[in-house]
Structure formats: structure tokens, C-alpha cells
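Here is the structure we will look at.
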Amino acid sequence: MELFLFIITAAIALAGAVAMVLTRNAIHSALFLLLNFGAVAVLFLLLYSPFLFAIQLTVYAGAIMVLFLFVVMLLGAERVEDAPDQIAWQRPLGLAMGLMLLLVALATAFRSSAFAPAPGGAALEAFGDPAALGALLFTHYLLPFQVTGIILLVAVIGVVVLNQRRRPRPSEAKTR
Amino acid sequence: MVPTAYYILLSAALFAIGVLGVLVRRNAIVIFMSVELMLNAANLALVAFARERLSVDGQVLVFFVITVAAAEVAVGLAILVALSRSKQTSDVDEVSVLRG
Numbered sequence: 028m029e030l031f032l033f034i035i036t037a038a039i040a041l042a043g044a045v046a047m048v049l050t051r052n053a054i055h056s057a058l059f060l061l062l063n064f065g066a067v068a069v070l071f072l073l074l075y076s077p078f079l080f081a082i083q084l085t086v087y088a089g090a091i092m093v094l095f096l097f098v099v100m101l102l103g104a105e106r107v108e109d110a111p112d113q114i115a116w117q118r119p120l121g122l123a124m125g126l127m128l129l130l131v132a133l134a135t136a137f138r139s140s141a142f143a144p145a146p147g148g149a150a151l152e153a154f155g156d157p158a159a160l161g162a163l164l165f166t167h168y169l170l171p172f173q174v175t176g177i178i179l180l181v182a183v184i185g186v187v188v189l190n191q192r193r194r195p196r197p198s199e200a201k202t203r
Numbered sequence: 278m279v280p281t282a283y284y285i286l287l288s289a290a291l292f293a294i295g296v297l298g299v300l301v302r303r304n305a306i307v308i309f310m311s312v313e314l315m316l317n318a319a320n321l322a323l324v325a326f327a328r329e330r331l332s333v334d335g336q337v338l339v340f341f342v343i344t345v346a347a348a349e350v351a352v353g354l355a356i357l358v359a360l361s362r363s364k365q366t367s368d369v370d371e372v373s374v375l376r377g
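Just so you know, the sequences run in chain order A and B. Heads up: the first sequence begins at 28 in my numbering, then just goes up one per residue. Heads up: the second sequence begins at 278 in my numbering, then just goes up one per residue.
Pasting the structure below:
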């Protein structure tokens with residue numbers, strides 16, 4: 028039953044990812060990426076991580092995708108790739124290199140991983156408990172957690188600085 | 278019970294598709310989405326390994342990755358908006374000069 032669920036969800040995730048790369052319209056790309064994020068969230072649930080399932084849906088599928096859709100519509104950048112490619116060989120070369128990486132990554136993952144079922148039992152209950160994650164976050168990983176707060180602050184200030192409209196000073200206006 | 282190897286194979290495939298998107302597409306926003314796809318594939322592998330070893334540390338790492346990804350998307354999209362204000366395009370081939 029679990030394997031059946033995994034196969035369906037994995038197929039949806041892969042289809043979403045491939046369709047995101049293939050489709051021409053950026054809005055459709057964003058929506059296919061949303062499908063992929065939702066499928067990966069279900070996979071987190073299958074891996075006994077309900078907290079990450081919620082985080083994935085709220086932060087990735089919620090906040091980040093809304094930001095992407097908003098920027099695509101703001102810039103009107105749905106179809107910037109209709110113009111012919113300036114460098115003709117870059118698309119076939121990129122395709123070949125990407126497919127080579129796909130083969131190497133799959134071969135490495137296949138060779139180096141065990142196909143035995145993962146352990147279960149009482150330890151699995153503690154693994155899926157969000158309280159354990161929170162306790163670890165506020166004790167052993169307290170410093171990285173604080174640094175995360177600083178990163179978010181820097182991101183907020185950076186966004187405001189990048190998008191402010193600079194008014195030319197009187198001295199600058201004269202010289203132009 | 279699904280073996281961890283299946284999750285790792287899926288994660289590798291998703292990561293390679295993300296790389297393919299970065300290499301093939303020219304729309305800067307779609308390239309950005311492909312980077313998000315790669316981060317997400319890495320998250321999936323981390324959670325799968327954490328579940329294999331039954332250690333919560335992997336989940337904490339994924340939590341940090343998601344936070345940094347959110348900050349990165351905010352800054353990156355702000356750069357794209359500033360770029361399109363000065364160049365009126367989001368095609369990465371058009372943006373080839375260093376001068377603002």
C-alpha cells in the first residue's frame with residue numbers, strides 16, 4: 028500500500044518537474060512547479076515528517092510560489108523565449124550535458140544505496156514527533172537558528188534597498 | 278515499507294531535471310524555479326536519509342534549507358525586478374554587460 032502510494036506520488040512529482048522545464052509559458056511553469064512541491068510534501072508525509080510536510084506546503088507551495096507568480100505577472104515575462112536563440116549550439120549542448128548528469132546521478136544513487144527496508148518501531152514514533160525537532164532546534168542548533176533570523180533580516184533589508192527608486196540629487200541633475 | 282534507495286533515485290532524477298532546466302531555459306524566472314527544484318530534491322534526499330537513520334538532525338537541516346531558500350527567492354526576485362526595470366527583459370542572453 029505504501030509502495031503504491033509512493034509510486035503514484037513520485038510519478039506526479041517527476042511529471043510536474045518535466046512539464047515545468049518543457050512548457051513555454053512561465054505561468055504554466057510556476058503551476059507545474061506547484062504540483063511538484065505538493066507531491067514532494069506528500070513524500071515527506073510518507074517519510075514520517077509531518078512538520079516538514081506543513082512547512083513545505085506553507086513556505087514553498089504558499090509563500091514562494093505566490094512570490095513567483097506575482098513577479099511573472101508584474102514583469103509580463105510569460106513568453107520571453109519566443110525570440111530565436113542567439114547562441115544556436117547552447118540548447119543541444121545543455122540538453123546533452125543535463126542528460127549525462129541524469130545518467131551519472133541515477134547510476135551513483137543506484138550503486139551506493141541499500142534496498143533493504145528502513146527500520147521502524149518505537150524510534151520511528153520519536154522521529155516523526157515535531158516536539159523532538161523543536162527541542163533539538165532550541166538546544167543543539169540554537170546558534171544556526173539565530174543565524175537564520177539574521178539571514179531573513181538581511182534578505183528583507185536587501186529587497187527594500189534593491190527596489191527603492193533613487194531620486195536624483197540636485198547636483199546630479201545639473202550635470203546630466 | 279519503501280526502501281530508502283527509491284527516494285534517493287527520485288531525488289537524483291529531480292535534481293538532474295532541475296540542472297537541465299537551468300541549462301536549457303533562457304527565461305531568468307524559470308531558471309530560478311529550476312534552482313528551487315534542485316533545492317527541493319536535496320531536501321527529499323536529506324529527509325530520506327534522516328528516516329533511514331531515524332535521526333531528527335536531518336529534519337532540522339531541511340528546516341534551515343527551506344528558510345534560506347525563502348530568503349534567496351526574495352532577494353533573487355528583487356534583483357530580477359530591478360533588472361527588468363533597467364533592461365526591459367528577463368532573457369538571460371540579453372543581459373551580458375557588467376555595466377549597470
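By construction, the Cβ of each residue, glycine as well, lies at the ideal position given by its N, Cα and C atoms. None of these values were measured; they are calculated from a predicted model.
CA-CA distance, Ala88 (chain A) to Arg193 (chain A), rounds to 33 angstroms. The shortest C-alpha to C-alpha distance from Val188 (chain A) to any of B:Arg328, B:Leu291, B:Asp334, B:Ala355 is the one to B:Ala355.
Taking a C-beta cut-off of 8 angstroms against chain B, the contacting residues of the stretch 124-138 of chain A are Met124, Gly125, Leu126, Leu128, Leu129, Ala132, Leu133, Thr135, Ala136, Phe137, listed in chain order.
Look at the stretch 284-306 of chain B: the residues with a C-beta under 9 angstroms from a C-beta of chain A are Tyr284, Ile285, Leu286, Leu287, Ser288, Ala289, Ala290, Leu291, Phe292, Ala293, Ile294, Gly295, Val296, Leu297, Gly298, Val299, Leu300, Val301, Arg302, Arg303, Asn304, Ala305, Ile306. The C-alpha of Ala53 (chain A) is placed about 14 angstroms away from the C-alpha of Val301 (chain B). Excluding sequence positions up to five before and after Val67 (chain A), its CB lies within less than 7 angstroms of the CB of Ala40, Gln83, all in the same chain and listed in chain order. With a 10 Å radius around the Cβ and a threshold of 16 neighbouring Cβ atoms, Thr166 (chain A) comes out exposed.
When 9 angstroms is used as the limit between beta carbons, Ser363 (chain B) is near no residue of chain A, the shortest such separation being about 12 angstroms. Taken in chain order, the whole alpha helix (DSSP H) runs of length 4 or more contained in the stretch 117-142 of chain A are 117-139. Legend: CB atoms of the stretch 151-180 of chain A lying less than 7 angstroms from CB atoms of chain B belong to residues Leu151, Phe154, Ala159, Leu160, Leu163, Leu164, Tyr168, Pro171, Thr175, Ile178, Leu179. In the structure shown, the three-state DSSP call for Asn320 (chain B) is helix.
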